[in-house]
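Participant:
Chains as they are written, first to last, in the working numbering: chain A, 7 to 205; chain B, 43 to 415.
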């Protein structure tokens, strides 16, 4: 029904996460009717990001150039590494301005259902990094899901075996800040209770 | 105080075109001839409170023949001592619609409605069916007793699915056996958590089960015991067991060991209630289990609403008297029977009596409300 170039655009858009056929069609028609420079800017932005942004060779975070800004930053503590699943997970941690160390992006979480085994993640690279450069502590900040927890346990095991001097820690989970106990859900509260600490 | 249901309205549900019933604070008795719609009324109450049927997974069959949609409304008094209204709209081919006080939601929250405990002939599968129904029941009890532990069973199921997927990948040569390592660890961690919750829940309910079973008429000693597959009490131990069983698991293609193979064993006189008891004894066993759980929840001031369908027909008068005491021990109960005289305590003053005749309700209690067909 549609001209072949339009069809192609719809097919490509529909490949994006969260975009179905219908939305893809709407976006395609929007682009068709948009001013030419607007649509071409989008195309150029996509091209630029694919041509210039790669993975940091140390931490596998997104990076323009061989190493990312955080790994290049001499003020960041190289002996402290925070392990996350995705590049997007670095952003909220950075926004806290609390973490003085560097990162390691695994590129996902273990999930055989999705065909993701340990070899598919940057775990070997993490172990190598931790065992070489006088690393003091690795903070595991994978998600608090089944796959995230399994990944955390696996990473901790691998580090204990290959880099026994490195302390491995896990992000705490518990009550949101400013929350009333009265309104906390039982699951979060139960977890907070189990993870309580000495005052 | 535990939440309770105060009033139920049905529209085009099963054999009811329109019906409304006010529920007693304690005991409500539903009487009527066979086929009049007593069970349907109890099912309607369950459906309105929980959002699904306790009898069928084919929900469209609850819509009255010839009607486009069924509609159920139940008024409740919540933990906050305020009244709430839960509504369910069900039209075949359309998504089911649940609302609380007018706003749409996925599942009615526990604080506005009572838990519901059901005795119906179909529920005998809990006693004589496969272990999976008893495991699920035990997990549900644990989740009710300790809400914070509720998600463990789902997390365990996810980890199990991941390990099974890893087994399949190793079998087909797409992964090395190292891919199983993280899932042995995770499955063991969650497995031990799940086993602990089950063991504690079973230990809490076991004494009450023995007592109630004796009262309600099992002649010999009744026992309830959690029978875990693994005797390990530590994640490291269970992990070791999983590791040892890898070759067999790889051969079969699934995980053959762990709490997903546990059993909740019910015995009568040392023999399995599941296979070595009469139907009548199994019914008493189920009743004893439900009452033992009710007793536990009563202590925690969260007594469930009990729906007891045709529970008295096989009991002799002494047992009926015992049942009456159990029913009177607290909490809201709805009982169905063909004759009021069969219901223990059914003629006491504070009992709400509802008569069903061909899908029409008639209220017999002074406090009650009549319905129109």
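We put the CB at the ideal spot given by N, CA and C, even for glycine. Please read all numbers here as calculations on a predicted model, not as lab measurements.
1. By how many angstroms is the C-alpha of residue 135 of chain A removed from the C-alpha of residue 197 of chain A?
2. Report buried or exposed for residue 55 of chain B, applying the criterion of at least 16 other Cβ atoms within 10 angstroms of its Cβ.
3. Using a threshold of 7 Å, state whether the C-beta atoms of residue 156 of chain A and residue 116 of chain A are closer than that.
4. So, for residue 133 of chain B: in the same chain, excluding its five sequence neighbours on each side, which residues have a beta-carbon less than 7 Å away from its beta-carbon?
5. Determine the DSSP secondary structure at residue 389 of chain B, reduced to helix, strand or coil.
6. Does any residue of chain B have a CB that is nearer than 7 Å to the CB of residue 113 of chain A?
7. How long is the line joining the alpha carbons of residue 51 of chain A and residue 152 of chain A, rounded to whole angstroms?
8. Under 7 Å between the Cβ atoms of residue 71 of chain B and residue 385 of chain B?
9. Since I believe residue 391 of chain B is in contact with residue 397 of chain B (beta carbons under 8 Å), could you give me their beta-carbon distance rounded to a whole number of angstroms?
10. Identify, in the order they occur along the chain, each residue of the same chain with its Cβ nearer than 7 Å to the Cβ of residue 408 of chain B, setting aside the five sequence neighbours on each side.
11. With a cut-off of 7 Å, does the C-beta of residue 187 of chain A fall near any C-beta of chain B?
12. Find the residues of chain A that neighbour residue 182 of chain B, judging by a C-beta separation of less than 7 Å, and give them in chain order.
13. Would you mind working out which of B:346, B:380, B:345 and B:393 sits nearest residue 366 of chain B, comparing C-alpha positions?
14. Taking three-plus beta-carbon pairs below 8 Å as touching, is the region 209-219 of chain B in contact with the region 249-269 of chain B?
15. Determine, for residue 154 of chain B, whether the minimum Cβ-Cβ distance to residues of chain A falls below 7 Å.
16. Might you give, ordered along the chain, the residues of its own chain that have their beta carbon closer than 7 Å to the beta carbon of residue 20 of chain A, omitting 5 neighbours on each side?
17. Residues of chain C with CB under 7 Å from residue 223 of chain B, in chain order?
18. Which class does residue 399 of chain B belong to by DSSP, given the choice of helix, strand or coil?
19. Going straight from the alpha carbon of residue 34 of chain A to that of residue 182 of chain A, what length do you get?
20. Hey, does residue 370 of chain B have any beta-carbon neighbour from chain A nearer than 7 Å?
21. Could you check whether the Cβ of residue 175 of chain A sits closer than 7 Å to any Cβ belonging to chain B?
22. So residue 328 of chain B packs on residue 348 of chain B, CB below 8 Å; how close in whole Å?
23. Can you give me the Cβ contacts of residue 171 of chain B inside the same chain, cut-off strictly under 6 Å, excluding the 5 residues immediately before and after it?
24. For residue 129 of chain A, would you say it is in contact with chain B, using Cβ-to-Cβ distances shorter than 7 Å as the test?
25. Check this for me: beta carbons of residue 227 of chain B and residue 159 of chain A, under 7 Å apart or not?
26. When you compare only the Cα positions, how much space is there between residue 52 of chain B and residue 74 of chain B?
27. Cβ-heavy atom distance between residue 71 of chain A and the ligand NAP below 6 Å?
28. Flag residue 123 of chain A as yes if its beta-carbon sits less than 7 Å from any beta-carbon of chain B, otherwise no.
29. Is the separation between the beta-carbon of residue 221 of chain B and that of residue 123 of chain A shorter than 7 Å?
30. Determine, using beta-carbon pairs with one atom in the region 116-127 of chain B and one in the region 140-154 of chain B, whether at least three such pairs fall under 8 Å.
31. Could you please tell me which residues of the region 72-88 of chain A, in chain order, have their CB closer than 7 Å to any CB of chain B?
32. Would you say residue 41 of chain A faces chain B, with C-beta separation under 7 Å as the test?
33. Give me the DSSP bridge partner(s) of residue 146 of chain B.
34. Which word fits residue 177 of chain B, buried or exposed, when buried means at least 16 other C-beta atoms lie within 10 angstroms of its C-beta?
35. If you run the structure through DSSP and keep just helix, strand and coil, what is residue 414 of chain B?
36. Flag residue 201 of chain B as yes if its beta-carbon sits less than 7 Å from any beta-carbon of chain A, otherwise no.
Facilitator: With the given structure in hand:
1. As a working mapping, residue 197 of chain A is identified with position 191 in the first chain. As a working mapping, residue 135 of chain A is identified with position 129 in the first chain. If you take the alpha carbons of residue 197 of chain A and residue 135 of chain A, they lie about 32 Å apart.
2. Looking up residue 55 of chain B in the second chain gives position 13. Answer is buried; the Cβ neighbour count reaches 16.
3. Counting from 1 along the first chain, the entry for residue 156 of chain A is found at position 150. Counting from 1 along the first chain, the entry for residue 116 of chain A is found at position 110. Yes, they are a contact pair.
4. Your numbering for residue 133 of chain B matches position 91 in the second chain. Cβ neighbours of residue 133 of chain B beyond the five flanking positions: 110 and 111.
5. On the second chain, position 347 is the one that residue 389 of chain B refers to. In the three-state reduction of the DSSP assignment, residue 389 of chain B falls in the coil class.
6. Taking the first chain and counting its residues from 1, one reaches residue 113 of chain A at position 107. Answer no: the Cβ-Cβ gap between residue 113 of chain A and chain B never drops below 7 Å.
7. Reading the first chain from its first residue, position 45 is the one you call residue 51 of chain A. Reading the first chain from its first residue, position 146 is the one you call residue 152 of chain A. The alpha-carbon atoms of residue 51 of chain A and residue 152 of chain A are separated by roughly 36 Å.
8. Taking the first residue of the second chain as position 1, residue 71 of chain B is located at position 29. Taking the first residue of the second chain as position 1, residue 385 of chain B is located at position 343. Contact: yes.
9. As a position in the second chain, residue 397 of chain B is number 355, starting the count at 1. As a position in the second chain, residue 391 of chain B is number 349, starting the count at 1. Here residue 397 of chain B is actually not in contact with residue 391 of chain B; their C-beta atoms are around 18 Å apart, not less than 8 Å.
10. For this step, residue 408 of chain B is matched to residue 366 along the second chain. Low confidence applies to residue 408 of chain B: its pLDDT is 45, below 50, so where it sits in the model is not reliable, and the reading given next is rough at best. The answer is none, since no qualifying residue turns up.
11. Counting from one through the first chain, the residue named residue 187 of chain A turns up at place 181. Chain B, which has no Cβ nearer than 7 Å to the Cβ of residue 187 of chain A, makes this no.
12. Position 140 of the second chain, counted from the start, is the residue given in the question as residue 182 of chain B. The contacting residues do not exist; residue 182 of chain B stays about 15 Å from chain A at best.
13. Position 324 of the second chain holds residue 366 of chain B. It is B:393 whose Cα lies nearest to the Cα of residue 366 of chain B.
14. Note that the region 209-219 of chain B does not touch the region 249-269 of chain B; fewer than 3 beta-carbon pairs, one per stretch, sit closer than 8 Å.
15. Walking along the second chain from the start, residue 154 of chain B turns up at place 112. No, because no Cβ of chain A sits closer than 7 Å to the Cβ of residue 154 of chain B.
16. Along the first chain, read from residue 1 onward, the residue named residue 20 of chain A stands at position 14. So the list reads 26, 27 and 30, once near-sequence residues are dropped.
17. Chain labels in this structure do not include chain C; the protein chains are A and B.
18. Taking the first residue of the second chain as 1, we reach residue 399 of chain B at position 357. When secondary structure is reduced to three states using DSSP, residue 399 of chain B falls in the strand class.
19. If you number the first chain from 1, residue 34 of chain A lands on position 28. If you number the first chain from 1, residue 182 of chain A lands on position 176. Here the alpha carbons of residue 182 of chain A and residue 34 of chain A stand approximately 41 Å from one another.
20. Indexing the second chain from 1 puts residue 370 of chain B at position 328. For residue 370 of chain B, the nearest beta carbon of chain A is not closer than 7 Å to its own beta carbon.
21. Looking up residue 175 of chain A in the first chain gives position 169. At a cut-off of 7 Å between beta carbons, residue 175 of chain A makes no contact with chain B.
22. What you label residue 328 of chain B is simply residue 286 of the second chain in a count that begins at 1. What you label residue 348 of chain B is simply residue 306 of the second chain in a count that begins at 1. That pair is no contact at about 12 Å.
23. Here residue 171 of chain B corresponds to residue number 129 of the second chain, with the count starting at 1. Cβ within range, chain order: n/a, list empty.
24. Against the first chain, residue 129 of chain A aligns to sequence position 123. Residue 129 of chain A does not count as touching chain B.
25. As a working note, residue 227 of chain B is residue 185 in the second chain. As a working note, residue 159 of chain A is residue 153 in the first chain. Contact: yes.
26. The count along the second chain starts at 1 and reaches residue 52 of chain B at position 10. The count along the second chain starts at 1 and reaches residue 74 of chain B at position 32. Between residue 52 of chain B and residue 74 of chain B, the C-alpha separation is close to 18 Å.
27. What this structure holds is no ligand at all, so the ligand NAP is not there to describe.
28. Within the first chain, the letter at position 117 stands for residue 123 of chain A. So yes, residue 123 of chain A belongs to the interface.
29. Residue numbering aside, residue 221 of chain B sits at position 179 when the second chain is read from its first letter. Residue numbering aside, residue 123 of chain A sits at position 117 when the first chain is read from its first letter. Yes, these two residues count as a Cβ contact at 7 Å.
30. Yes, since at least three Cβ pairs between the region 116-127 of chain B and the region 140-154 of chain B fall closer than 8 Å, the two stretches touch.
31. From the region 72-88 of chain A, no residue has a Cβ closer than 7 Å to chain B.
32. Translated into the one-based positions of the first chain, residue 41 of chain A becomes position 35. So no, residue 41 of chain A is outside the interface.
33. Your numbering for residue 146 of chain B matches position 104 in the second chain. Note: residue 146 of chain B is bridge-paired with B:141 in the DSSP secondary-structure output.
34. Locating residue 177 of chain B in the second chain gives position 135, where the first residue counts as 1. By the 10 Å Cβ count, residue 177 of chain B comes out buried.
35. The residue given as residue 414 of chain B occupies position 372 in the second chain. Caution applies to residue 414 of chain B, whose pLDDT of 37 falls short of 50 and renders its modelled position unreliable; the value that the coordinates give is listed next. Correct three-state label for residue 414 of chain B: coil.
36. Taking the second chain and counting its residues from 1, the one referred to as residue 201 of chain B is at position 159. Output row for residue 201 of chain B: interface = yes.
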